[in-house]
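So for the sequence shown, this note's numbering puts the first residue at 341; every next one is plus one.
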Amino acid sequence: MTDTPDAAEAAPSAQDLFIAGAAALDRYQAHDAADLLRQAALLDPDNPEVALYLARAGDAAAHGRGRGGNRTGALVGPG
């Protein structure tokens, strides 16, 4: 018989989700980063660092800097 981890051991922590979200943002995967950081914020709503990175991911996603967008991180617009 194999041991199976209980739900608390299997679920990632807010810190794990934050680290994964920050790494996704560094790789210009803004939508993936936002998803991970939203989950981290649900687990740790008072963490200002999670809130900051979530705002950055949302801004990057809104400006097309994720999932094949502008990989330079520069704003894209007319002009």
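Beta carbons are placed, not taken as given, at the ideal position from N, Cα and C, and that holds for glycine.
These numbers were taken from a predicted model, which means no experiment stands behind them.
Setting aside the 5 residues that flank it on each side, A401 is surrounded in the same chain by A370, H371, A374, each with a C-beta closer than 6 Å to its C-beta; the list follows chain order. Contact between A391 and A354 is absent: CB atoms are separated by about 12 Å, not below the 8 Å threshold.
In the DSSP assignment, R378 falls within the alpha helix (DSSP H) that extends over 370-383. Contact check for R378 and L394: beta-carbon distance about 7 Å, within the 8 Å limit, so the pair qualifies. Within the model, the alpha-carbon separation for L357 versus L383 is close to 9 Å.
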